[in-house]
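In full-length UniProt numbering, the protein residues as written are 1 to 410. Note that CB positions come from ideal geometry on N, CA and C, so glycine has one too. Values in this document were obtained by computation on a predicted structure and should not be read as measured data. Following: one structure in structure tokens, then a few remarks.
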């Protein structure tokens, strides 16, 4: 159920943490930080319960989280469960965070929603779009909150990027190029069964890394397209042309490049719309240069987003006075009328950055919302549809037990 707490109070969100892996540890460590250090004074977070299928893992998990966060209080009050069903049945939990491998997201989220729990589910939301839509429909039928945990969407750098784009400082956008490559190749001989290579665990570059360059494209392009009348209305599928190189050892996608056409509302264009090409690249056999993860080119300049796509560290825009001046600058643009860089490190309170998405969840629950306007479910479903198309074009599918929409016991 959604809380009806007064917005005038400091709202405390009681979290249930499902799974004790690395990503859950990062999330919990951030939640233990003081919200005021990031200038958040209206919501706060409480780790109410943690569940693992092996209860012996819970206490070491809590010890490590509290140690890394340098937290002093609350650890001994956290409830510990040895099954996910027990966590889902706890009536004192406001929202469950799902931090299992994405091969398990669909089943875990379905169980939590079926138990009447609000859910924040790690990215990628599911294995395919059909699974995502089932979860969305279930949450809406039960009037429960549901959101994909795309932490990059809530980082201040992303808000600044969208502000610059909407200001038209670089003119109308013409192309966007986003990339995240992480070289896992040296790990393959050491741990060939690691989830990043293992098809049984949803391995491959697209689902593990791809949501981050997709998010860079989505931040820039989706707000410029035609907007459905209601938040719950779907976005239209995009035109996608892609190519894929598979890893010989396990057959998962090692490198993916996708050219995606985004519609942009433009009164000057024929029919009131034009298309902008977005290029997504992701690979687990090479490394993205730290200098750039996203390049947005407009008619009067460009914006360069620096650092890894999941956690950009800064962005710089270079703008010319007129479109003609930019065009005249040639292949090596010189003499822009304005260059400005915005830095986003170090982060407040020494957080990694997961806390901002948790703050969004808390505010949504406090205000009785079942969906985030910043990270709407229609955006999640659209990404999964695009990724389905990429996998279809690459003739790559996962084992049936991962692709299925049938519900199995927890």
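With contacts defined as CB atoms closer than 8 Å, residue 297 and residue 174 qualify as a contacting pair. Excluding five sequence positions before and after residue 101, the CB atoms of its chain that fall closer than 8 Å to its own CB belong to 21, 195, 201, 202, given in chain order. Looking at the DSSP output, residue 245 sits in a beta bridge with 255. Bounds of any alpha helix (DSSP H) do not take in residue 369, whose DSSP letter is neither H nor E. Between the alpha carbons of residue 249 and residue 209 lies a gap of roughly 19 Å.
DSSP, read as helix, strand or coil, puts residue 311 in coil.
If you ignore the 5 residues before and after residue 354, its C-beta comes within less than 7 Å of the C-beta of 26, 27, 30, 151, all in its own chain and listed in chain order. As a beta-bridge residue in DSSP terms, residue 12 pairs with 44. Membership of residue 174 in the beta strand (DSSP E) is indicated by the continuous run 173 to 181.
For residue 283, the uninterrupted beta strand (DSSP E) run begins and ends at 273 to 283, by DSSP. In the DSSP assignment, residue 299 falls outside any beta strand (DSSP E), carrying neither H nor E. Per the coordinates, the alpha-carbon of residue 49 lies some 5 Å from the alpha-carbon of residue 78. For the set 288, 341, 320, the Cα lying nearest the Cα of residue 309 is the one of 288. In the DSSP assignment, the residues bridged to residue 262 are 276. When Cβ pairs closer than 8 Å are counted between the two stretches, the region 276 to 293 is seen to touch the region 252 to 267, the count reaching three or more.
Shown here, residue 137 sits in a helix according to DSSP, grouped into three states. Judged by their CB atoms, residue 307 and residue 318 are not nearer to each other than the 8 Å cut-off.
In this structure, DSSP gives residue 385 a helical state, which the three-state scheme calls helix. Look at the beta carbons and you see the region 319 to 331 not touching the region 211 to 228: under three pairs across the two are nearer than 8 Å. Across the structure, residue 228 and residue 234 are spaced so that their CA atoms are roughly 7 Å apart. Here the C-alpha atom of residue 82 lies approximately 15 Å from the C-alpha atom of residue 99.
Closest by C-alpha distance to residue 377, out of 267, 232, 284, 113, is 232. Taking 8 Å as the cut-off, the Cβ atoms of residue 256 and residue 206 count as close. In this structure, residue 161 sits away from residue 47, with a CB-CB distance that is not shorter than 8 Å. Contiguous beta strand (DSSP E) elements confined to the region 26 to 84 occur at 43 to 51, 79 to 81, taking only those with 3 or more residues.
Assignment of residue 128 by DSSP, reduced to helix, strand and coil, places it in the coil class.
Contact annotation: residue 346 and residue 199 have beta-carbon atoms that are not nearer than 8 Å. For residue 109, there is no enclosing beta strand (DSSP E); the enclosing alpha helix (DSSP H) covers residues 105 to 114. Look at residue 239 here: in three-state DSSP terms it is strand.
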